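Enquirer: Those letters in the sequence shown? Residues 1 to 693, per the UniProt record's numbering, in order. Beta carbons are placed, not taken as given, at the ideal position from N, Cα and C, and that holds for glycine. Bear in mind the structure is a predicted one, so any value in this text is a computation, not a measurement.
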Amino acid sequence: MNDYLVIVESPAKAKTIKRYLGPKYEVKASMGHVRDLPKSQMGIDINNHFQPRYITIRGKGPVLKDLKSAAKKAKKVYLAADPDREGEAIAWHLAHSLDIDDHSLCRVVFNEITKPAIKAAFKTPRKINMDLVDAQQARRVLDRLVGYNISPLLWKKVKKGLSAGRVQSVALRMIIEREREIKAFVPEEYWTISSKFRVNDESFDALFYGVGGKKQTLKTADDVKAVLEKIQSNQFNIQNVRKKERLKNPVIPFTTSSLQQEAARKLNFRARKTMMVAQQLYEGITLGKQGSTGLITYMRTDSTRISEVAKTEAKSFIVENYGERYYNDKPQKTKKSENAQDAHEGVRPTSVFRQPKDVKDYLNRDQFKLYKLIWERFVASQMAPAILDTIRADLEQNGVIFRAAGSKVKFQGFMKVYIEGSDDQKKSDGSKESMLPDLKDGMTAFQEQPDPKQHFTQPPPRYTEATLVKAMEEIGIGRPSTYAPTIDTIQRRNYVSMDAKRFVPTELGEVVLNLIVEFFPEIINIDFTAQMETDLDEIEEGKRNWIALIDSFYSDFAKRLSKAEKEMQSVSIKDELAGIKCEKCGHEMVYKMGRFGKFLACSNFPECRNTKPILKKTGVPCPKCGKGEVVERRSKKHRIFYGCDRYPECDFVSWDKPIQRICPKCSSYLVEKKSKNGKVVECPKCDYKEEPQ
1 MNDYLVIVES PAKAKTIKRY LGPKYEVKAS MGHVRDLPKS QMGIDINNHF QPRYITIRGK
61 GPVLKDLKSA AKKAKKVYLA ADPDREGEAI AWHLAHSLDI DDHSLCRVVF NEITKPAIKA
121 AFKTPRKINM DLVDAQQARR VLDRLVGYNI SPLLWKKVKK GLSAGRVQSV ALRMIIERER
181 EIKAFVPEEY WTISSKFRVN DESFDALFYG VGGKKQTLKT ADDVKAVLEK IQSNQFNIQN
241 VRKKERLKNP VIPFTTSSLQ QEAARKLNFR ARKTMMVAQQ LYEGITLGKQ GSTGLITYMR
301 TDSTRISEVA KTEAKSFIVE NYGERYYNDK PQKTKKSENA QDAHEGVRPT SVFRQPKDVK
361 DYLNRDQFKL YKLIWERFVA SQMAPAILDT IRADLEQNGV IFRAAGSKVK FQGFMKVYIE
421 GSDDQKKSDG SKESMLPDLK DGMTAFQEQP DPKQHFTQPP PRYTEATLVK AMEEIGIGRP
481 STYAPTIDTI QRRNYVSMDA KRFVPTELGE VVLNLIVEFF PEIINIDFTA QMETDLDEIE
541 EGKRNWIALI DSFYSDFAKR LSKAEKEMQS VSIKDELAGI KCEKCGHEMV YKMGRFGKFL
601 ACSNFPECRN TKPILKKTGV PCPKCGKGEV VERRSKKHRI FYGCDRYPEC DFVSWDKPIQ
661 RICPKCSSYL VEKKSKNGKV VECPKCDYKE EPQ
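#1: What distance in whole Å lies between the Cβ atoms of ALA386 and PHE411, which are believed to be in contact at a cut-off of 8 Å?
#2: Say whether the region 51 to 67 touches the region 79 to 86, bearing in mind that this needs 3 or more beta-carbon pairs closer than 8 Å, one atom from each stretch.
#3: So, at 6 Å on beta carbons, what are the nonlocal neighbours of ASP394 in its own chain, with the 5 sequence-adjacent residues on each side left out?
#4: Between GLN168, GLU229, LEU37, which has its C-alpha nearest PRO450's C-alpha?
#5: For the region 343 to 394, which segments carrying the alpha helix (DSSP H) assignment without a break, of at least 4 residues, lie completely within its bounds, in sequence order?
#6: Any chance the region 165 to 177 sits against the region 497 to 515, with 3 or more Cβ pairs inside 8 Å?
#7: Which whole-angstrom value is the C-beta distance of VAL347 and ILE374, which I expect to be below 8 Å?
#8: Tell me the rounded alpha-carbon separation between VAL158 and GLU9.
#9: Return the chain-ordered list of same chain residues with a C-beta closer than 7 Å to the C-beta of ILE475, the five sequence neighbours on each side being excluded.
#10: With ASN328 and PRO250 assumed to form a contact (beta carbons below 8 Å), what rounded beta-carbon distance in angstroms separates them?
#11: Pull up the CB-CB distance for ALA564 and PHE519, whole angstroms please, since I reckon it's below 8 Å.
#12: Taking the beta carbon of ARG325 as the centre, do at least 16 other beta carbons fall within 10 Å, making it buried, or is it exposed?
#13: Please list, in chain order, all residues of the same chain as THR489 whose beta carbon is under 8 Å from its beta carbon, the five residues on each side excluded.
#14: Using the three-state DSSP reduction, which class does MET42 fall into: helix, strand or coil?
#15: Determine the contact status of VAL277 and ASP366, defining contact as a CB-CB distance below 8 Å.
#16: Which word fits ASP201, buried or exposed, when buried means at least 16 other C-beta atoms lie within 10 angstroms of its C-beta?
#17: Can you name, in chain order, every residue of its own chain whose Cβ lies under 6 Å from the Cβ of VAL517, other than the five neighbours on each side?
#18: In angstroms, rounded to a whole number, what distance separates the CA positions of LYS18 and GLN136?
#19: By alpha-carbon positions, which one of ASP361, ASN321, PHE368, ARG305 ends up nearest to residue 782?
#20: Using a Cβ-Cβ cut-off of 7 Å (strictly less than) and excluding sequence neighbours within five positions of PRO460, which residues of its own chain qualify?
#21: How is PHE520 classed by DSSP in three states: helix, strand or coil?
#22: Are the region 288 to 298 and the region 111 to 126 in contact at 8 Å, needing three or more beta carbon pairs?
#23: Which whole runs of the beta strand (DSSP E) in the region 625 to 677 are 3 residues long or more, in chain order?
#24: What do you get for ASP302, buried or exposed, if any count of 16 or more other CB atoms within 10 angstroms of its CB means buried?
#25: Since CYS666 and CYS622 are thought to touch, with beta carbons under 8 Å apart, how far apart are those beta carbons, to the nearest angstrom?
#26: Taking C-alpha atoms, which residue in ALA138, ALA29, ASP84 lies nearest to ASP535?
#27: Candidates ILE90, ALA29, TYR4: which alpha carbon is nearest PRO11's?
#28: May I ask you to list the residues that DSSP assigns as paired with PHE599?
#29: Going by DSSP, what residues sit across from THR192 in a beta bridge?
#30: On the DSSP bridge list, what partners appear for VAL199?
#31: Using a threshold of 8 Å, state whether the C-beta atoms of ALA271 and ILE487 are closer than that.
#32: Can you name the start and end residues of the alpha helix (DSSP H) that LYS18 belongs to?
#33: Should the region 184 to 201 be called in touch with the region 542 to 555, which here means at least 3 C-beta pairs below 8 Å?
#34: For the ligand GTP, I want to know if GLU320 counts as a neighbour, meaning its beta carbon is within less than 7 Å of at least one of the ligand's heavy atoms.
#35: Can we say the region 672 to 682 touches the region 654 to 662, given the rule of at least three CB pairs closer than 8 Å?
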């Protein structure tokens, strides 16, 4: 008999924790929640203070039976679910299911799965925090009241399978409003004049700045002509030379939001994938003889705090590997976000001495990439600022001023380890050096041919996953645990589609938003939704009663619901014609949206059930049969591959895109691959390879 039973959510976490607790402890996994609201009905007793009706989740009976059996044999049961609202709720449900007194010291929490953290947690068990549980319950009840009341309305008036929710509807609104901005945008013409200058056989670039010491915007070709007519020779006087040293401060540790954003920029990870891989790293990876080991701290956090132990460890590592100069002995103070709960540390490696190269052999490709990103970000956050030498100079002739600017990294500091990505591809990351010659006031520079260029202002860009998460965080919509599922939901409902990795609202999304705006304006109101998040935080802090909050919301919501049921008109969304006929019955084929995206279906459904995938043609003849054409397809995991359009008659497939050239070395077909430096052309049969274009 084991003296103690410890219950966690996942087997991986159980395996890691078991290593540190010894033979007296049995560690079992609940596999997430064991109780929840029923799926088939709302499960909220509105007339009894909004009390939820919980049931055992289907399929969890055997798990619960096993946990009950183990709990009866143990002297003490500890509930060690994740250290957040959801984890606290899981612990509370387990306590009720296993007849554990939730006022007893049965709850243990830790921010990282390491031996010191686990040992410390079990020395200081606590009661279940009912404020955390109430905050989680309040969110679930709110979402049920909204979703299970509005969704059936949408099923009746629009189509089945739709849903509405507090956070997802606001996210959809943000995407649609951005699209409307783009469509309403009127581009404005403007011009720039760039030019090369030469000083002592060294050339450099400069841009037109203004005339007569004042900055001037060039709006038309006539403005450009007027400036060029002022230039009387190629000799310019160098003036206002400014040289200075500039500090570039290190990045701060990851929060959930910044981790999702950076993983999207640098690793091309979707938010959902980032959180899934991060969960694996947190719960534990088997590192050979070391056994299962948690590699990062808890990944659902809005804090950038770092423990003193981790800071001390980082200092030792940085000094040992890079030198004393690279350590930041005056770490920057990070400003706490207004909406941050600050319950945990920032996301960091559990040991900075566990370098990515040391664990690479034990991780799959995605785990390694994400761990490396987290490790580098944390190390860089504890390093010294970079020092840049900057120079700026004006080049003047007859009142016309061109301005040149350059910078050079004098001391890399944190940039030796990590440089943050940017959503703006044009924005310099500071890693490229563009130093000017040694310019001094009074010197003469010789201008080469000026190069005027016409431009037009651009509309705001569509949201990517990274920029949408960033915007949601900034306005206070959602919390660390909600970003990924929110984005996933609006895609699964076909409210948005993806074009070049950016969100584009669908007609269905527009229709749903318009109905919600008309009948439930508070649901779609950004300020209202952000305030609701703040109210939930106050419940967690024990400052507010959850039932009172729900009641204040529902009193007005119920009136709007009643009005919507009477007045909401049915909306018909016509299928988009594909422009081709069904080969089986001759009716028009239409585009439909399914589980795995768009596909073609016969408009004569249900009489004709003909469907087929949408094939994107490449224009390349099939290298195998020569009769068909290579088309783009998607695997069950949504990965793009290429195959012959005569499949199954021809079974040619390739993960890389074939091109219309043959290998000069072996006469096989060539393929195009993506690399960091551009597109690479190579032969899949021999070692022929062309440099990136």
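Expert: Taking the coordinates as given:
#1: Right, their Cβ atoms sit about 6 Å apart.
#2: Taking 8 Å as the limit for Cβ pairs, the verdict is that the region 79 to 86 does not touch the region 51 to 67.
#3: Here the set comprises GLN239, ASN240, ILE401, ARG403.
#4: GLU229 is the residue among GLN168, GLU229, LEU37 whose C-alpha sits nearest the C-alpha of PRO450.
#5: Whole alpha helix (DSSP H) segments, 4+ residues: 356 to 359, 365 to 381.
#6: Flag = yes, the region 165 to 177 and the region 497 to 515 touch.
#7: Yes, they are in contact, since the Cβ atoms of VAL347 and ILE374 sit about 6 Å apart, within 8 Å.
#8: Approximately 39 Å between the Cα atoms of the pair.
#9: So the list reads ILE526, ALA530, once near-sequence residues are dropped.
#10: The C-beta separation of ASN328 from PRO250 comes to about 6 Å, placing the pair in contact by the 8 Å criterion.
#11: Sure, about 4 Å apart at Cβ, within 8 Å.
#12: If you draw a 10 Å sphere on the C-beta of ARG325, you find fewer than 16 other C-beta atoms in it, and that means exposed.
#13: Counting only Cβ-Cβ distances below 8 Å, and skipping sequence neighbours, we find SER163, GLY165, GLN168.
#14: Under the three-state reduction of DSSP output, MET42 falls in the coil class, being neither helix nor strand.
#15: Taking a C-beta distance under 8 Å as the contact criterion, VAL277 and ASP366 qualify as a contact pair.
#16: So ASP201 ends up on the exposed side.
#17: Answer for VAL517: ILE524, listed in chain order.
#18: It is roughly 28 Å from the alpha-carbon of LYS18 to the alpha-carbon of GLN136.
#19: Residue numbering for the chain in the displayed model covers 1 to 693; residue 782 lies beyond these limits and cannot be assessed.
#20: ARG178, GLU181, ILE182.
#21: Reduced to three states, the DSSP call for PHE520 is coil.
#22: Counting Cβ pairs under 8 Å, three or more are found: they touch.
#23: Taking only runs of at least 3 residues, the beta strand (DSSP E) segments lying wholly in the region 625 to 677 are 629 to 634, 640 to 644, 657 to 662, 669 to 675.
#24: Buried: at least 16 other Cβ atoms inside 10 Å.
#25: Wrong, their Cβ atoms sit about 18 Å apart, outside the cutoff.
#26: Of the listed residues, the one whose Cα sits closest to ASP535 is ALA138.
#27: Checked all of ILE90, ALA29, TYR4; the closest Cα to PRO11 is ALA29.
#28: In the DSSP secondary-structure assignment, PHE599 is bridged to LYS592, PRO613.
#29: By DSSP's assignment, THR192 forms a beta bridge with LYS453.
#30: The partner list for VAL199 (beta bridge, DSSP) reads GLU202.
#31: With a cutoff of 8 Å on beta-carbon distance, ALA271 and ILE487 are scored as near each other.
#32: Judged by DSSP secondary structure, LYS18 falls within the alpha helix (DSSP H) whose first and last residues are 11 to 21.
#33: In short, these stretches do not touch, since the Cβ pair count stays below three.
#34: For the structure depicted, the ligand GTP is absent and the ligand set is empty, with no information on it obtainable.
#35: At 8 Å Cβ cutoff, the stretches touch.
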